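Peer 1: Numbering (our numbering), first residue to last: 17 to 431.
Glycine included, every Cβ here is placed at the ideal spot set by N, Cα and C.
These numbers come from a predicted model, not from an experiment.
If you scroll down you'll find the structure; I have some questions about it.
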(Lines of atoms letter the chains of each structure in order from A and count residues from 1; the text may use other names and numbers.)
(Lines give C-alpha, C1' and ligand atoms only; values in the text may rest on other atoms or scores of the structure.)
Protein backbone atom coordinates (compact mmCIF):
# COMPACT_ATOMS: atom_id res chain seq x y z
CA UNK A 1 0.00 0.00 0.00
CA UNK A 2 1.34 3.44 -0.99
CA UNK A 3 0.29 5.99 1.62
CA UNK A 4 0.33 9.79 1.32
CA UNK A 5 0.23 11.55 4.70
CA UNK A 6 -0.70 15.24 4.84
CA UNK A 7 0.66 17.37 7.67
CA UNK A 8 3.75 18.72 9.39
CA UNK A 9 3.42 18.29 13.15
CA UNK A 10 4.20 15.82 15.91
CA UNK A 11 0.77 14.22 15.44
CA UNK A 12 1.70 13.48 11.83
CA UNK A 13 5.16 12.29 12.90
CA UNK A 14 3.46 9.81 15.26
CA UNK A 15 1.09 8.69 12.50
CA UNK A 16 4.02 8.38 10.07
CA UNK A 17 5.93 6.21 12.55
CA UNK A 18 2.94 3.90 12.94
CA UNK A 19 2.36 3.72 9.19
CA UNK A 20 6.04 3.03 8.49
CA UNK A 21 5.94 0.14 10.98
CA UNK A 22 3.00 -1.47 9.16
CA UNK A 23 4.25 -4.27 6.87
CA UNK A 24 1.44 -3.49 4.43
CA UNK A 25 2.93 -0.04 3.69
CA UNK A 26 5.36 -0.31 0.77
CA UNK A 27 5.96 3.43 0.38
CA UNK A 28 5.22 6.51 2.51
CA UNK A 29 5.12 10.09 1.28
CA UNK A 30 4.77 12.89 3.85
CA UNK A 31 3.66 16.27 2.56
CA UNK A 32 4.94 18.72 3.54
CA UNK A 33 6.35 16.64 6.43
CA UNK A 34 9.14 17.71 8.79
CA UNK A 35 12.79 16.80 9.49
CA UNK A 36 11.80 13.96 11.82
CA UNK A 37 9.45 12.41 9.28
CA UNK A 38 12.22 12.45 6.65
CA UNK A 39 13.69 9.35 8.28
CA UNK A 40 10.44 7.42 7.74
CA UNK A 41 9.58 8.20 4.14
CA UNK A 42 9.87 10.65 1.27
CA UNK A 43 8.94 14.32 1.70
CA UNK A 44 7.10 16.43 -0.85
CA UNK A 45 6.11 20.06 -0.91
CA UNK A 46 2.39 20.79 -1.21
CA UNK A 47 -0.01 23.38 0.17
CA UNK A 48 -2.15 21.30 2.57
CA UNK A 49 -4.97 23.85 2.25
CA UNK A 50 -5.16 23.49 -1.55
CA UNK A 51 -7.52 20.57 -2.26
CA UNK A 52 -6.62 20.46 -5.94
CA UNK A 53 -2.89 20.39 -5.26
CA UNK A 54 -3.19 17.58 -2.71
CA UNK A 55 -5.40 15.54 -5.03
CA UNK A 56 -2.97 16.07 -7.91
CA UNK A 57 -0.07 14.91 -5.76
CA UNK A 58 -2.01 11.80 -4.77
CA UNK A 59 -2.65 10.98 -8.43
CA UNK A 60 0.93 11.76 -9.52
CA UNK A 61 2.37 9.56 -6.76
CA UNK A 62 -0.16 6.74 -7.36
CA UNK A 63 -1.31 6.76 -3.74
CA UNK A 64 -3.52 3.92 -2.55
CA UNK A 65 -4.51 5.81 0.59
CA UNK A 66 -4.34 9.46 1.64
CA UNK A 67 -4.35 10.25 5.37
CA UNK A 68 -5.10 13.87 6.29
CA UNK A 69 -3.67 14.81 9.68
CA UNK A 70 -4.69 18.41 10.52
CA UNK A 71 -8.17 19.88 10.70
CA UNK A 72 -7.71 22.90 8.41
CA UNK A 73 -7.23 20.86 5.20
CA UNK A 74 -10.29 18.77 6.06
CA UNK A 75 -12.41 21.89 6.60
CA UNK A 76 -11.02 23.18 3.30
CA UNK A 77 -12.32 20.08 1.46
CA UNK A 78 -9.11 18.14 0.80
CA UNK A 79 -10.75 14.75 1.46
CA UNK A 80 -13.50 15.51 -1.08
CA UNK A 81 -10.95 16.41 -3.76
CA UNK A 82 -8.93 13.24 -3.18
CA UNK A 83 -11.99 10.97 -3.24
CA UNK A 84 -13.16 12.67 -6.45
CA UNK A 85 -10.02 11.22 -8.06
CA UNK A 86 -11.04 7.70 -7.02
CA UNK A 87 -8.42 7.45 -4.26
CA UNK A 88 -9.28 6.25 -0.76
CA UNK A 89 -8.94 9.04 1.81
CA UNK A 90 -9.01 8.84 5.59
CA UNK A 91 -10.75 11.98 6.80
CA UNK A 92 -14.24 13.49 6.72
CA UNK A 93 -15.78 15.49 3.92
CA UNK A 94 -15.79 19.27 4.09
CA UNK A 95 -19.45 19.20 5.16
CA UNK A 96 -18.85 16.64 7.92
CA UNK A 97 -15.69 18.42 9.11
CA UNK A 98 -17.92 21.28 10.24
CA UNK A 99 -18.23 19.29 13.48
CA UNK A 100 -14.90 20.96 14.24
CA UNK A 101 -15.03 23.85 11.81
CA UNK A 102 -18.01 25.40 13.59
CA UNK A 103 -18.73 25.06 17.30
CA UNK A 104 -22.29 26.25 16.61
CA UNK A 105 -22.82 23.49 14.02
CA UNK A 106 -21.51 20.88 16.47
CA UNK A 107 -23.88 22.13 19.16
CA UNK A 108 -26.80 21.91 16.75
CA UNK A 109 -25.89 18.32 15.86
CA UNK A 110 -25.57 17.38 19.53
CA UNK A 111 -28.92 18.97 20.35
CA UNK A 112 -30.64 17.10 17.54
CA UNK A 113 -28.95 13.82 18.51
CA UNK A 114 -29.69 14.14 22.23
CA UNK A 115 -26.00 14.09 23.12
CA UNK A 116 -25.16 15.20 26.68
CA UNK A 117 -23.26 18.48 26.54
CA UNK A 118 -23.08 21.92 28.15
CA UNK A 119 -25.89 24.43 27.65
CA UNK A 120 -24.72 27.11 25.24
CA UNK A 121 -25.57 30.27 23.33
CA UNK A 122 -24.27 31.37 19.94
CA UNK A 123 -23.39 35.07 20.15
CA UNK A 124 -22.64 37.51 17.34
CA UNK A 125 -23.14 40.88 19.07
CA UNK A 126 -21.71 42.45 22.26
CA UNK A 127 -25.17 42.48 23.82
CA UNK A 128 -25.73 38.78 23.14
CA UNK A 129 -22.29 37.99 24.56
CA UNK A 130 -22.88 39.99 27.73
CA UNK A 131 -26.30 38.38 28.26
CA UNK A 132 -24.89 34.86 27.81
CA UNK A 133 -22.06 35.49 30.27
CA UNK A 134 -24.56 36.85 32.76
CA UNK A 135 -26.78 33.78 32.31
CA UNK A 136 -24.04 31.28 33.15
CA UNK A 137 -21.81 33.25 35.52
CA UNK A 138 -18.18 32.40 36.27
CA UNK A 139 -16.10 30.57 35.35
CA UNK A 140 -16.87 31.88 31.88
CA UNK A 141 -16.32 29.65 28.84
CA UNK A 142 -16.04 31.50 25.52
CA UNK A 143 -15.18 29.60 22.32
CA UNK A 144 -14.31 30.99 18.91
CA UNK A 145 -16.87 29.48 16.55
CA UNK A 146 -14.22 28.68 13.92
CA UNK A 147 -10.84 26.96 13.83
CA UNK A 148 -8.25 28.43 16.18
CA UNK A 149 -5.47 25.80 16.40
CA UNK A 150 -6.51 24.73 19.89
CA UNK A 151 -6.21 28.25 21.28
CA UNK A 152 -9.67 29.66 20.60
CA UNK A 153 -11.13 28.83 24.02
CA UNK A 154 -10.97 31.06 27.07
CA UNK A 155 -11.99 29.79 30.51
CA UNK A 156 -11.80 32.61 33.03
CA UNK A 157 -13.33 34.07 36.14
CA UNK A 158 -12.76 37.60 34.80
CA UNK A 159 -15.75 38.86 32.83
CA UNK A 160 -13.61 41.55 31.16
CA UNK A 161 -11.29 38.87 29.75
CA UNK A 162 -14.29 36.87 28.52
CA UNK A 163 -15.81 39.95 26.85
CA UNK A 164 -12.50 40.86 25.21
CA UNK A 165 -12.02 37.35 23.81
CA UNK A 166 -15.54 37.31 22.44
CA UNK A 167 -15.07 40.71 20.83
CA UNK A 168 -11.81 39.58 19.21
CA UNK A 169 -13.40 36.43 17.78
CA UNK A 170 -16.66 37.91 16.53
CA UNK A 171 -18.96 34.88 16.42
CA UNK A 172 -18.57 32.79 19.56
CA UNK A 173 -20.23 30.02 21.53
CA UNK A 174 -20.66 30.76 25.24
CA UNK A 175 -21.15 27.66 27.38
CA UNK A 176 -21.81 26.72 30.94
CA UNK A 177 -18.67 25.45 32.65
CA UNK A 178 -18.42 21.67 32.98
CA UNK A 179 -16.62 20.61 36.16
CA UNK A 180 -14.80 17.30 36.26
CA UNK A 181 -11.72 15.58 34.83
CA UNK A 182 -11.37 15.79 31.06
CA UNK A 183 -10.95 12.86 28.71
CA UNK A 184 -10.09 12.60 25.01
CA UNK A 185 -11.53 9.67 23.07
CA UNK A 186 -10.68 8.98 19.42
CA UNK A 187 -13.17 6.91 17.42
CA UNK A 188 -12.24 5.57 13.99
CA UNK A 189 -15.36 5.31 11.85
CA UNK A 190 -16.49 4.72 8.29
CA UNK A 191 -19.72 6.57 8.98
CA UNK A 192 -21.59 3.57 10.35
CA UNK A 193 -19.20 1.18 12.07
CA UNK A 194 -17.15 2.80 14.83
CA UNK A 195 -14.07 1.58 16.68
CA UNK A 196 -12.89 3.43 19.80
CA UNK A 197 -9.22 3.77 20.63
CA UNK A 198 -8.10 3.88 24.25
CA UNK A 199 -8.85 7.17 26.04
CA UNK A 200 -6.22 9.74 26.89
CA UNK A 201 -5.92 12.96 28.85
CA UNK A 202 -4.10 16.07 27.66
CA UNK A 203 -2.85 19.24 29.35
CA UNK A 204 -3.91 22.48 27.66
CA UNK A 205 -2.39 25.19 29.87
CA UNK A 206 1.20 26.31 29.41
CA UNK A 207 2.23 25.96 33.06
CA UNK A 208 2.28 23.40 35.86
CA UNK A 209 -0.92 23.04 37.89
CA UNK A 210 -2.87 24.29 34.86
CA UNK A 211 -1.62 27.85 35.17
CA UNK A 212 -1.34 30.32 32.31
CA UNK A 213 -3.00 30.59 28.91
CA UNK A 214 -4.31 27.76 26.77
CA UNK A 215 -2.00 26.15 24.22
CA UNK A 216 -2.37 23.53 21.53
CA UNK A 217 -1.50 20.96 24.21
CA UNK A 218 1.57 20.51 26.42
CA UNK A 219 1.44 16.77 26.99
CA UNK A 220 -0.75 13.70 27.31
CA UNK A 221 -0.90 10.17 28.64
CA UNK A 222 -2.82 6.96 28.06
CA UNK A 223 -4.52 4.85 29.34
CA UNK A 224 -6.42 6.43 32.24
CA UNK A 225 -6.17 4.24 35.36
CA UNK A 226 -8.77 6.34 37.17
CA UNK A 227 -11.47 6.25 34.46
CA UNK A 228 -14.64 4.22 35.06
CA UNK A 229 -14.32 0.77 33.43
CA UNK A 230 -17.46 1.31 31.36
CA UNK A 231 -16.56 4.84 30.22
CA UNK A 232 -15.84 4.02 26.58
CA UNK A 233 -18.91 1.81 26.25
CA UNK A 234 -21.05 4.56 27.77
CA UNK A 235 -19.68 7.27 25.48
CA UNK A 236 -20.11 5.11 22.39
CA UNK A 237 -23.78 4.59 23.27
CA UNK A 238 -24.69 8.10 24.45
CA UNK A 239 -22.47 10.23 22.20
CA UNK A 240 -20.81 8.52 19.24
CA UNK A 241 -23.58 6.39 17.76
CA UNK A 242 -26.26 9.12 18.09
CA UNK A 243 -23.90 11.66 16.50
CA UNK A 244 -23.02 9.39 13.58
CA UNK A 245 -26.71 8.63 13.07
CA UNK A 246 -27.56 12.34 13.04
CA UNK A 247 -24.80 13.05 10.51
CA UNK A 248 -26.15 10.27 8.25
CA UNK A 249 -29.63 11.74 8.65
CA UNK A 250 -28.29 15.08 7.38
CA UNK A 251 -26.72 13.36 4.34
CA UNK A 252 -23.27 14.30 5.64
CA UNK A 253 -21.95 10.97 6.96
CA UNK A 254 -18.82 11.33 9.05
CA UNK A 255 -15.87 9.05 8.25
CA UNK A 256 -12.38 9.37 9.67
CA UNK A 257 -11.62 10.12 13.31
CA UNK A 258 -14.30 11.59 15.54
CA UNK A 259 -12.40 13.14 18.45
CA UNK A 260 -14.72 13.38 21.45
CA UNK A 261 -13.56 15.79 24.16
CA UNK A 262 -15.37 14.99 27.41
CA UNK A 263 -15.80 16.23 30.95
CA UNK A 264 -16.72 13.58 33.52
CA UNK A 265 -19.27 15.52 35.54
CA UNK A 266 -21.46 14.60 38.50
CA UNK A 267 -24.19 13.95 35.91
CA UNK A 268 -22.00 11.66 33.82
CA UNK A 269 -19.83 12.25 30.74
CA UNK A 270 -20.67 15.39 28.76
CA UNK A 271 -19.17 16.54 25.48
CA UNK A 272 -16.94 19.61 25.62
CA UNK A 273 -16.16 19.57 21.90
CA UNK A 274 -15.86 17.48 18.78
CA UNK A 275 -12.82 17.48 16.53
CA UNK A 276 -12.63 15.93 13.07
CA UNK A 277 -9.11 14.46 13.32
CA UNK A 278 -6.65 12.85 15.70
CA UNK A 279 -5.81 15.11 18.64
CA UNK A 280 -2.36 16.50 19.29
CA UNK A 281 -0.60 15.58 21.63
CA UNK A 282 -2.92 12.71 22.63
CA UNK A 283 -2.18 10.87 19.38
CA UNK A 284 1.48 10.59 20.31
CA UNK A 285 0.60 8.68 23.50
CA UNK A 286 -2.28 6.62 22.10
CA UNK A 287 -0.56 5.38 18.94
CA UNK A 288 2.57 4.46 20.93
CA UNK A 289 0.49 1.67 22.51
CA UNK A 290 -1.53 0.55 19.48
CA UNK A 291 -0.38 -2.91 18.36
CA UNK A 292 -2.81 -3.23 15.45
CA UNK A 293 -1.23 -2.15 12.12
CA UNK A 294 -2.43 1.40 11.49
CA UNK A 295 -2.61 1.49 7.70
CA UNK A 296 -5.05 -1.39 7.50
CA UNK A 297 -7.30 0.19 10.12
CA UNK A 298 -7.39 3.58 8.39
CA UNK A 299 -7.88 2.03 4.94
CA UNK A 300 -10.82 -0.06 6.19
CA UNK A 301 -12.47 3.11 7.51
CA UNK A 302 -11.74 5.00 4.29
CA UNK A 303 -13.38 2.37 2.06
CA UNK A 304 -16.34 1.52 4.30
CA UNK A 305 -15.20 -1.90 5.48
CA UNK A 306 -14.41 -1.16 9.12
CA UNK A 307 -16.96 -3.69 10.40
CA UNK A 308 -14.89 -6.46 8.80
CA UNK A 309 -11.73 -5.60 10.77
CA UNK A 310 -10.71 -7.64 13.84
CA UNK A 311 -10.72 -6.03 17.31
CA UNK A 312 -7.84 -3.69 18.09
CA UNK A 313 -4.78 -5.02 19.92
CA UNK A 314 -2.92 -2.90 22.48
CA UNK A 315 0.51 -3.04 24.08
CA UNK A 316 0.42 -3.34 27.86
CA UNK A 317 1.61 -0.57 30.14
CA UNK A 318 1.30 3.18 29.63
CA UNK A 319 2.57 5.99 27.40
CA UNK A 320 3.39 9.58 28.32
CA UNK A 321 4.08 12.50 25.97
CA UNK A 322 5.76 15.73 27.14
CA UNK A 323 5.76 18.69 24.75
CA UNK A 324 8.72 21.05 24.55
CA UNK A 325 7.74 24.53 23.35
CA UNK A 326 9.73 27.48 22.08
CA UNK A 327 10.49 30.68 23.96
CA UNK A 328 7.48 33.01 24.05
CA UNK A 329 4.86 30.36 23.30
CA UNK A 330 1.83 30.56 23.19
CA UNK A 331 1.73 34.34 22.68
CA UNK A 332 4.56 34.17 20.17
CA UNK A 333 7.16 31.66 19.05
CA UNK A 334 10.86 32.38 18.77
CA UNK A 335 12.39 30.61 15.79
CA UNK A 336 15.90 29.65 14.80
CA UNK A 337 17.23 28.31 18.12
CA UNK A 338 19.54 25.32 17.58
CA UNK A 339 18.17 22.02 18.95
CA UNK A 340 20.62 19.47 20.31
CA UNK A 341 20.11 15.84 21.27
CA UNK A 342 16.99 15.27 19.17
CA UNK A 343 18.23 13.66 15.96
CA UNK A 344 17.67 9.92 15.78
CA UNK A 345 16.47 9.63 19.38
CA UNK A 346 13.59 7.14 19.81
CA UNK A 347 10.49 8.85 21.14
CA UNK A 348 11.41 12.35 19.92
CA UNK A 349 8.60 13.44 17.60
CA UNK A 350 9.12 16.63 15.62
CA UNK A 351 6.53 19.42 15.55
CA UNK A 352 7.95 22.90 14.94
CA UNK A 353 11.42 22.06 13.61
CA UNK A 354 13.41 22.87 10.48
CA UNK A 355 16.81 22.20 8.93
CA UNK A 356 19.16 25.13 8.52
CA UNK A 357 21.33 25.28 5.40
CA UNK A 358 24.28 23.94 7.40
CA UNK A 359 22.22 20.92 8.49
CA UNK A 360 21.54 22.10 12.03
CA UNK A 361 18.11 21.31 13.49
CA UNK A 362 16.40 24.52 14.67
CA UNK A 363 13.11 25.60 16.22
CA UNK A 364 10.48 26.68 13.69
CA UNK A 365 7.20 26.92 15.61
CA UNK A 366 5.46 27.11 18.96
CA UNK A 367 5.40 23.47 19.98
CA UNK A 368 8.79 22.12 18.93
CA UNK A 369 9.09 18.49 20.06
CA UNK A 370 6.85 15.84 21.63
CA UNK A 371 8.93 13.50 23.79
CA UNK A 372 7.04 10.22 24.09
CA UNK A 373 7.87 7.06 26.02
CA UNK A 374 6.36 3.75 27.09
CA UNK A 375 6.58 2.10 30.49
CA UNK A 376 5.16 -0.89 32.32
CA UNK A 377 3.41 1.62 34.60
CA UNK A 378 2.45 5.25 34.34
CA UNK A 379 5.21 6.12 36.79
CA UNK A 380 7.81 4.38 34.60
CA UNK A 381 6.44 5.97 31.42
CA UNK A 382 6.69 9.43 33.04
CA UNK A 383 10.27 8.79 34.09
CA UNK A 384 11.20 7.63 30.60
CA UNK A 385 9.51 10.60 28.88
CA UNK A 386 11.22 13.14 31.13
CA UNK A 387 14.55 11.37 30.59
CA UNK A 388 14.11 12.09 26.87
CA UNK A 389 13.26 15.73 27.65
CA UNK A 390 16.43 16.13 29.73
CA UNK A 391 18.51 14.84 26.83
CA UNK A 392 17.25 17.53 24.44
CA UNK A 393 18.24 21.16 24.52
CA UNK A 394 17.42 24.50 22.90
CA UNK A 395 17.43 28.05 24.26
CA UNK A 396 14.21 29.13 25.95
CA UNK A 397 12.66 25.65 25.98
CA UNK A 398 9.42 25.43 27.97
CA UNK A 399 7.78 22.27 29.23
CA UNK A 400 5.50 21.21 32.05
CA UNK A 401 6.92 19.05 34.81
CA UNK A 402 3.58 17.62 35.95
CA UNK A 403 2.33 15.69 32.90
CA UNK A 404 0.44 12.61 34.21
CA UNK A 405 1.70 13.30 37.73
CA UNK A 406 -1.67 13.31 39.52
CA UNK A 407 -2.76 10.17 37.68
CA UNK A 408 0.51 8.41 38.56
CA UNK A 409 0.01 9.38 42.20
CA UNK A 410 -3.63 8.27 42.20
CA UNK A 411 -4.90 11.78 42.89
CA UNK A 412 -7.61 11.99 40.21
CA UNK A 413 -11.14 11.03 41.14
CA UNK A 414 -14.32 10.95 39.11
CA UNK A 415 -17.32 12.72 40.66
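Using 8 Å as the threshold, is the segment 285-304 in touch with the segment 253-263, meaning 3 or more CB pairs across them?
Peer 2: Yes, the segment 285-304 is in contact with the segment 253-263.
Peer 1: How long is the line joining the alpha carbons of residue 328 and residue 179, rounded to whole angstroms?
Peer 2: Each residue's alpha carbon lies about 45 Å from the other.
Peer 1: Quick one: Cα of residue 177 to Cα of residue 34, how far?
Peer 2: Spanning the two alpha carbons is a distance of roughly 41 Å.
Peer 1: Determine the direct distance from the alpha carbon of residue 395 to that of residue 116, and round the result to whole angstroms.
Peer 2: Each residue's Cα considered, the two are about 34 Å apart.
Peer 1: On the CB-based measure, 16 or more other CB atoms within 10 Å of its CB, does residue 153 come out buried or exposed?
Peer 2: So residue 153 counts as exposed.
Peer 1: Suppose the cutoff is 6 Å on Cβ atoms and the five residues either side in sequence are ignored; what does the same chain contact list for residue 148 look like?
Peer 2: 137, 139, 190.
Peer 1: Report the partner residues of residue 105 according to the DSSP bridge assignment.
Peer 2: Per DSSP, 82.
Peer 1: Just to confirm the assignment, what range does the alpha helix (DSSP H) spanning residue 409 have?
Peer 2: Unbroken run through residue 409: none, as it is neither H nor E.
Peer 1: Going by other Cβ atoms of all chains shown within 10 Å of its Cβ, with 16 needed for buried, is residue 296 buried or exposed?
Peer 2: With 16 or more other Cβ atoms within 10 Å, it is buried.
Peer 1: Count the other CB atoms within 10 Å of the CB of residue 250; is the residue buried (16 or more) or exposed (fewer)?
Peer 2: With fewer than 16 Cβ atoms within 10 Å of its Cβ, residue 250 is classed as exposed.
Peer 1: Kindly identify the DSSP beta-bridge partner or partners of residue 248.
Peer 2: BP columns for residue 248 are empty, so no partner.
Peer 1: Helix, strand or coil, according to DSSP, for residue 254 in the structure here?
Peer 2: Here residue 254 sits in helix by DSSP.
Peer 1: What are the boundary residues of the beta strand (DSSP E) that includes residue 371?
Peer 2: Where residue 371 is concerned, the enclosing beta strand (DSSP E) stretches over 369-371.
Peer 1: CB-CB under 8 Å to residue 423, same chain, minus the five flanking residues each way: which ones, in chain order?
Peer 2: Hits under 8 Å: 217, 237, 240, 241, 242, 394.
Peer 1: Return helix, strand or coil for residue 202, following the three-state DSSP convention.
Peer 2: Three-state DSSP puts residue 202 in a strand.
Peer 1: Considering Cα atoms alone, identify which of 406, 301, 312, 229 is closest to residue 18.
Peer 2: Checked all of 406, 301, 312, 229; the closest Cα to residue 18 is 312.
Peer 1: When DSSP builds the beta bridges, which residues end up paired with residue 366?
Peer 2: The partner list for residue 366 (beta bridge, DSSP) reads 385.
Peer 1: In three-state DSSP terms, what is residue 142?
Peer 2: Helix.
Peer 1: Return the chain-ordered list of same chain residues with a C-beta closer than 7 Å to the C-beta of residue 307, the five sequence neighbours on each side being excluded.
Peer 2: Only 329, 330, 331 meet the Cβ criterion.
Peer 1: Terminal residues of the continuous beta strand (DSSP E) containing residue 341?
Peer 2: Per DSSP, residue 341 belongs to the beta strand (DSSP E) from 334-341.
Peer 1: Have a look at residue 73 and residue 62 and give me their C-alpha separation to the nearest angstrom.
Peer 2: Between residue 73 and residue 62, the C-alpha separation is close to 8 Å.
Peer 1: Roughly how many whole angstroms lie between the Cα atoms of residue 194 and residue 200?
Peer 2: Approximately 15 Å, taken between the alpha carbons.
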